[in-house]
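Colleague: Numbering follows the numbering used here, with no gaps: position 146 of the sequence shown is 131. Positions of the beta carbon are idealized from the N, C-alpha and C atoms, including for glycine. Being a predicted model, the structure only gives us computed values, none of them experimental.
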Amino acid sequence: MHLTPEQIDTYREQGFLAVRNVFTPDEVAELQRVTDEFVERSREVTAHTDVFDLEPGHTAAEPRLRRLKAPHRRHPAYDRALRNEAVLAVVRQLVGDSVRFQNTKLNLKSPEFGSPVEWHQDWAFYPHTNDDVLAVGIAVDDMMLENGCLMVVPGSHQGPVHDHHQDGVFAGAVPADGLTEQAVPIELRAGDVSVHHARLLHGSAPNRSQRPRRFLLFEYAAADAWPLVDFPGWEAFNERLLCGEPTVTPRVEPVPVRIPLPKHAREGSIYEVQSALGRSAFASEM
């Protein structure tokens, strides 16, 4: 999968990109089937676990799975998607030939519900020594404005790292302050992928449709971008290497950084962290 010079320029200038038809219909069908199986399994739990993050109102009769944590560990289909050569070809063209993954998650929005994700920069959660860090989102379903597709603020990756704290603790979100009016949607068909820079402001509204919206997210970094918080240890760090060779020489660049500390009592997924906010930026849409 080769990006055109125009696509690369768009990513550099705007901070995001949509790439069409990266996954085949058969690959999409497998991801949909496996995801359905995990939603079924979530009927068995009544509280968050190390695998499942649940929507408010989740029940065995009406399962509302909000997030599948570390999906690459849960099923080979997700791990294959993480290592998909077409995806890695896109990533290498944007951050270089040596690539490490940062983390993985599958976010789900139930029909006519689905928790919003408040405005934030991924960079606020995991600053590195340089900002060749990005997220690839795989559309497991068609993702349109009405079912809560990703919204981004073009060019915001070139600006400041905003304060994601509230009342003295890290809350994982920034005040809306007109961001929704500046934002544009990244609408995708199933099998398309989005790419966004770690410093890009983004969020997503609740699902207002009767269709599910399931979004498989993989965060990748250049191998010489070292995390400034939560370093997992040398062996675990290099187990995440997907392309190239490990290095003991971090590339340090003058990028703006805020450390996501102190943490508040409801530490967990982004939904739990953002629960420290008094009011959702998308409250009128819920």
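1. Would you please state the rounded distance, in angstroms, between the beta carbons of residue 137 and residue 181? I believe it to be under 8 Å.
2. Which residue comes first and which comes last in the beta strand (DSSP E) that contains residue 104?
3. Using only the alpha-carbon positions, how far apart do residue 235 and residue 243 sit?
4. In this structure, what does DSSP give as the bridge partners for residue 179?
5. Enumerate in chain order the residues of its own chain whose CB-to-CB distance from residue 168 is below 7 Å, with the five nearest sequence positions on each side excluded.
6. When the distance is taken between beta carbons, is residue 62 closer than 7 Å to residue 125?
7. Residue 5: buried (16+ other C-beta within 10 angstroms of its C-beta) or exposed?
8. Would you be able to state if there are at least three C-beta pairs under 8 Å between the region 218 to 237 and the region 96 to 104?
9. Quick check on residue 176: buried or exposed, where buried means 16 or more other Cβ atoms within 10 Å of its Cβ?
10. By Cβ distance, which residues of its chain are closer than 7 Å to residue 130, with the 5 residues on each side in sequence left out?
11. Flag residue 69 as yes if its beta-carbon sits less than 7 Å from any beta-carbon of chain D, otherwise no.
12. Give me the Cβ distance between residue 94 and residue 198, rounded to the nearest whole Å; I'm assuming they're in contact under 8 Å.
13. Per the contact definition of three or more C-beta pairs closer than 8 Å, is the region 13 to 30 in contact with the region -8 to 5?
14. Going by CA-CA distance only, name the one from 156, 32, 3 and 250 that's closest to residue 121.
15. Closest to residue 112 by C-alpha separation, out of 145, 92, 123 and 127, would be which residue?
16. Exposed or buried, what is residue 202 when buried is set at 16 or more other beta-carbons lying within 10 Å of its beta-carbon?
17. Does the distance from the C-beta atom of residue 118 to that of residue 206 stay below 7 Å?
18. Determine the direct distance from the alpha carbon of residue 266 to that of residue 166, and round the result to whole angstroms.
19. Short check: CB of residue 149 to CB of residue 157, under 7 Å?
20. Might you give, ordered along the chain, the residues of its own chain that have their beta carbon closer than 8 Å to the beta carbon of residue 153, omitting 5 neighbours on each side?
21. From the DSSP output, in three-state form, read off residue 135 for me.
22. How far does the beta strand (DSSP E) with residue 205 in it extend, from its first residue to its last?
23. With DSSP as the reference, please indicate the residues paired to residue 89 in a beta bridge.
24. Who are residue 189's beta bridge partners in DSSP?
25. Looking at the structure shown, is residue 8 part of a helix, part of a strand, or coil, going by DSSP?
26. How many Å lie between residue 233 and residue 45 at the Cα?
27. What did DSSP end up calling residue 38 once you bin it into helix, strand or coil?
28. Buried or exposed: residue 219, going by 16 or more other Cβ atoms within 10 Å of its Cβ?
29. Please tell me whether residue 215 and residue 174 are closer than 7 Å, where the distance is taken between their beta carbons.
30. Using a 10 Å radius around the Cβ and a threshold of 16 neighbouring Cβ atoms, would you call residue 57 buried or exposed?
Modeller: Taking the geometry as given:
1. 6 Å
2. 102 to 105
3. 19 Å
4. 3 and 122
5. 136, 137 and 138
6. no
7. exposed
8. no
9. buried
10. 170 and 172
11. Looking for chain D here will not work: only one protein chain is present.
12. 4 Å
13. no
14. 3
15. 145
16. buried
17. yes
18. 12 Å
19. yes
20. 247
21. strand
22. 198 to 207
23. 203
24. 102
25. coil
26. 48 Å
27. strand
28. exposed
29. no
30. buried
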